[in-house]
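Undergrad: So the sequences go chain by chain: P and U. Quick note: the first sequence uses the working numbering, first residue -7, plus one each step. Quick note: the second sequence uses the working numbering, first residue 31, plus one each step.
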Amino acid sequence: MAGISVAVAGNPNSGKTTIFNMLTGARQHVGNYPGVTVEKKEGRCTHKAYDMTVVDLPGTYSLTACSIEELVARNFIIEQRPDVVLDVVDASNVERNLYLTTQLIEMGVPLVLAFNMSDIAERKGLLFDMEQLSRLLEAKIVQTVGNKGKGRVELLDAIVEIAQQPRRQRAGKVGYGAEIEMELARIEKVLADKEQPLAEKYGARWLAVKLLEQDSDVTAKISQAEVLDAVAGSIQHLTGILGDEPEVVMADRRYGYISGACQETIKTTVELRHTSSDMIDAVVTHPVLGVPIFLLLMYIVFFLTFKVGEYPMYGLEWFFDWAGATIANFWPAESASWLQSLLVDGVIGGVGGVLVFLPNILLLFLAIAVLEDSGYMARAAFVTDRVMHKIGLHGKSFIPMLIGFGCSVPAIMATRILENRRNRFTTIMVVPLMSCGARLTIYALLIPAFFAPRWRGPVLWIIYLIGIVLAIICARILRLTLFKGETTPFVMELPPYRMPTLRGLCIHMWQRGWLYLRKAGTIILALSIVLWAAMSYPKPAEQSLVGLTPEQVRQTELSHSIVGRVGRTIEPVLKPLGFDWKIGTALIGATVAKEVFVAQLGIVYAVGSADEKSQTLREKLRANYTPLTGFCIMLFCLIYAPCVATVAVTRHETNSWIWALFQFFGLTALGYAVTLLVYQIGSLF
Amino acid sequence: MVKLVAIDAGQGLRSRLLAMGLVPNVRITVVSNNHPGPFVLSVKGTKMVLGRGMAHKIMVT
């Protein structure tokens, strides 16, 4: 089967992703472009005996060198030379969208345009003379309605047709006016003379255009001084006679070209009225109402996620308990096999504990997908920007932080929406301070053990609040020191409000959920096994176990194992925090997954299999520790080293172990310092 | 409704704004501008919100 490579480009909010999904269905794969943390989505599709590989390029407004997404998209097109470039255009907003198209035209790529959201365009009363437009732009145009799946076959037909045509020079080009054209010709000549290989690879005119625009990436590729001198001379000359830098005038001329093409081919038949989007925005971004509305929506999101998620969560807990018991039954009651222990305690205990959260996480992603697809996210980012800006972050940072209240793993993955590396890294470092769902099990165990009913709500609230406050302080400090620098100016398109489609929502939800599953499946599984081994070996001598109850046996085994010994060794370090070796062992276990803390504490106190509702465990805790210690345990768990899944994702998203370890040890040090302070001061009373 | 005269900004920001339609002499509709609310404008059929600092960098008549 012959192959066709397709690259999908388009503005953000043009429905590009929906078109990509429409073409590739479930056969998708998400990764990174080599060397950068820009998401690369690839998919496959078969049509008319052709096997197509489709790459979804980052959504961009243009192809300059000013942002990493644009560079990645541009370089992919130049280096990988796809057979067809599919440009997704929002048909209800053609003029702005065609700016990117002009860039693609100048790169001379075989082009297919998808005029997406054509249903909205029709409702707006827009009429297109597709034949004329197609001829003017020298590209095939297909009308599509991405979120209803309309136009799929026509689009695939168009791609095949263009791919089959031999690559040829374009007849027309985007003209920039006499003065600029003269300078372009001059620069092209110097390029052909002095930088022939470059001119052949990229095309002399394209290079000349970019050089006049002072494109940093292209300028860096030029080594011959004559070329650079010629360019500098041209720029100076043009700025003089045009009154503005060439880049500005060229952008204007591009829009002129677009405007000309559109005037001939697009007619409006209906008066455009003040849209309902504007009316909603007046309320949602209102200086006074905006924040309360935002907080209300966030509350609803959380309530739904945790309430509705409870039922499937119980189901999963039950399933894992059942699985554990069934596997245990393969062995006759008395024989203690290491394999049984590995499977039941290690694998099912560790991995199951994390997978139990899957329903909550999927629901959280669903809620976020609704907010994003409907268009509200952009408004929310603006509402939060005022606060975020003061701590040196971008308004969009609130989204990962919000997700972090559910689980840090998808939260850190969500930081991809932050374009600025400094903002992104800062957000990644402080996201674990947003108390996650797993830590809730620890609070659920400890709070009723130590505090009277009327104090329980406030104490929980204080813990969450401390996390948020610390995150703000740390973010501020990080932005003033390690990640110092300008924050990106806040410019965000406000797309019109749309009704999300079920299909779109499910795809978004599933994509993020799958990444979380993969992390659980690999890293956590591996580390659960390692931890299990460290908790079970070395085993104490047989004689010392005579006459003990099963719980006491486990207690002794744990005490005797590596983890137990390490716990005892670090006890002196933990004493100033009010902890002992038993808490120490539980804390070590909790580095795999925070839920493990409760189970570990149960083992070390010989309570058998404990969960956060265990009264017996609570009684033992109350008997052994003061409320101050109880509070300090929760405080420490809030702050110190995030679970290994978080570390793994951090490493993946920052592309380096250094930052992941910095996060791990930095948070632990912070946790130690804060807990130390609280315990020591608290003990004075 | 106003007309854009110039953008006073670094190359990165200017590039982005140009690509979004803020070219010289383009018609801009200011949708909302009540401080401390957002500065929202509409240009070439696109609505966008700008941070406070940026509103000052866009010169109009």
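Backbone N, C-alpha and C define an ideal beta-carbon position, used for all residues, glycine too.
Please list the terminal residues of the continuous alpha helix (DSSP H) segment that includes P:Gly556.
TA: 554 to 561 is the span of the alpha helix (DSSP H), which, as asked, contains P:Gly556.
Undergrad: Would P:Gly679 be called buried (16 or more neighbouring beta carbons within 10 Å of its own) or exposed?
TA: This structure gives no information on residue 679 of chain P, because the portion of chain P shown stretches from -7 to 677.
Undergrad: Which residues in chain U sit within 8 Å of P:Phe374, going by Cβ to Cβ distance?
TA: Simply Pro68, Val79.
Undergrad: On the criterion of 16 or more Cβ atoms from any shown chain inside 10 Å, does P:Pro487 qualify as buried, or is it exposed?
TA: When all chains shown are included, P:Pro487 counts as buried.
Undergrad: From the DSSP output, in three-state form, read off P:Asn352 for me.
TA: In the structure shown, P:Asn352 sits in a helix (DSSP, three-state: H, G or I).
Undergrad: Between which two residues does the beta strand (DSSP E) carrying P:Glu31 extend?
TA: Looking at the DSSP string, the run of the beta strand (DSSP E) that includes P:Glu31 is 31 to 39.
Undergrad: In whole angstroms, give me the CA-to-CA distance for P:Asn139 and P:Tyr435.
TA: Each residue's alpha carbon lies about 43 Å from the other.
Undergrad: Starting from P:Gln188, follow the alpha helix (DSSP H) in both directions and report where the run begins and ends.
TA: Run containing P:Gln188: 188 to 194, per the alpha helix (DSSP H) assignment.
Undergrad: Hey, out of P:Pro542, P:Leu569, P:Ala196, whose CA is closest to P:Glu98's CA?
TA: The residue with the shortest Cα to Cα distance from P:Glu98 is P:Ala196.
Undergrad: Let's test the definition: count the other Cβ atoms within 10 Å of the Cβ of P:Ile575 and tell me whether it reaches 16, buried, or not, exposed.
TA: By the neighbour-count rule (16 or more Cβ atoms within 10 Å), P:Ile575 is buried.
Undergrad: Any idea which residues DSSP pairs P:Gln135 with across the strands?
TA: The partner list for P:Gln135 (beta bridge, DSSP) reads P:Phe107.
Undergrad: Just mark P:Ala177 as buried or exposed, buried being the case when its beta carbon has 16 or more other beta carbons within 10 Å.
TA: The residue in question, P:Ala177, is exposed, as its Cβ has fewer than 16 Cβ neighbours within 10 Å.
Undergrad: Within the same chain, show all residues whose beta-carbon is closer than 7 Å to that of P:Val219, passing over the 5 residues directly before and after it, in chain order.
TA: Within the same chain, P:Val219 has close Cβ partners Val182, Leu183, Lys186, Glu187.
Undergrad: Using Cβ-Cβ distances below 7 Å, what residues of the segment 277 to 309 of chain P are close to chain U?
TA: For the segment 277 to 309 of chain P, which is checked against every Cβ of chain U, the residues closer than 7 Å are Thr277, His278, Pro279.
Undergrad: Please list, in chain order, all residues of the same chain as P:Thr407 whose beta carbon is under 6 Å from its beta carbon, the five residues on each side excluded.
TA: Cβ within range, chain order: Pro392, Arg416, Thr419, Ile420.
Undergrad: Count the other C-beta atoms from every protein chain shown that fall within 10 angstroms of the C-beta of P:Val379, then say buried if there are 16 or more, exposed otherwise.
TA: Its Cβ having fewer than 16 others within 10 Å, P:Val379 is exposed.
Undergrad: Does any residue of chain U have a CB that is nearer than 8 Å to the CB of P:Met380?
TA: Output row for P:Met380: interface = no.
Undergrad: Around the Cβ of P:Leu669, are there at least 16 other Cβ atoms within 10 angstroms (buried) or fewer (exposed)?
TA: Exposed: under 16 other Cβ atoms inside 10 Å.
Undergrad: Which whole runs of the beta strand (DSSP E) in the segment 614 to 668 of chain P are 3 residues long or more, in chain order?
TA: None, since the segment 614 to 668 of chain P contains no complete beta strand (DSSP E) of that length.
Undergrad: Expressed to the nearest angstrom, what Euclidean distance is found between the alpha-carbon atoms of P:Glu123 and P:Ser6?
TA: Straight-line Cα distance between these residues: approximately 22 Å.
Undergrad: Starting from the beta carbon of U:Asn63, find every residue of chain P whose beta carbon is closer than 8 Å, and list them in chain order.
TA: Neighbours of U:Asn63 on chain P: none; closest Cβ ~11 Å, over 8 Å.
Undergrad: Please tell me whether P:Ala320 and P:Gln332 are closer than 8 Å, where the distance is taken between their beta carbons.
TA: Yes; because the gap between Cβ atoms is below 8 Å, this pair is in contact.
Undergrad: Under 8 Å Cβ to Cβ from U:Lys33, same chain only, skipping five residues before and after it: list those, please.
TA: So the list reads Asn55, Val56, Arg57, Ile58, Val90, Thr91, once near-sequence residues are dropped.
Undergrad: At what residue ranges does the segment 429 to 506 of chain P contain a whole run of the beta strand (DSSP E), taking only runs of 3 or more?
TA: Listed in chain order, they are 483 to 485.
Undergrad: Identify every residue that forms a DSSP beta bridge with U:Leu80.
TA: DSSP, once it has assigned bridges, lists P:Val483, U:Phe69 as partnering U:Leu80.
Undergrad: Just verifying my parser: in three-state terms, what is the DSSP assignment at P:Ser6?
TA: DSSP places P:Ser6 in coil when its eight states are reduced to three.
Undergrad: Which word fits P:Met(-7), buried or exposed, when buried means at least 16 other C-beta atoms lie within 10 angstroms of its C-beta?
TA: Exposed.
Undergrad: Would you kindly work out how many angstroms separate the C-alpha atoms of P:Cys399 and P:Gly167, rounded to a whole number?
TA: So the alpha carbons of these two residues sit roughly 52 Å apart.
Undergrad: Does U:Met84 have its Cβ less than 8 Å from a Cβ in chain P?
TA: Taking Cβ atoms only, chain P reaches closer than 8 Å to U:Met84, which makes this a yes.
Undergrad: Answer with buried or exposed for P:Cys58, where buried requires no fewer than 16 other C-beta atoms within 10 angstroms of its C-beta.
TA: Per the 10 Å Cβ criterion, buried.
Undergrad: Assign U:Arg57 to one of three DSSP states: helix, strand, or coil.
TA: Strand.
Undergrad: Give the straight-line distance between the Cα atoms of P:Gly743 and P:Arg127, rounded to the nearest whole angstrom.
TA: An answer regarding residue 743 of chain P cannot be provided, because it is not within the stretch -7 to 677 covered by chain P.
Undergrad: Cβ closer than 8 Å: which chain U residues qualify as neighbours of P:Tyr597?
TA: The contacting residues do not exist; P:Tyr597 stays about 54 Å from chain U at best.
Undergrad: Would you identify the three-state DSSP class for P:His21, choosing helix, strand or coil?
TA: Of the three classes helix, strand and coil, the one that applies to P:His21 here is strand, per DSSP.
Undergrad: Just mark P:Met501 as buried or exposed, buried being the case when its beta carbon has 16 or more other beta carbons within 10 Å.
TA: With 16 or more Cβ atoms within 10 Å of its Cβ, P:Met501 is classed as buried.
Undergrad: Does the CB of U:Met89 have a neighbour CB from chain P at under 8 Å?
TA: Cβ-Cβ to chain P under 8 Å: no for U:Met89.
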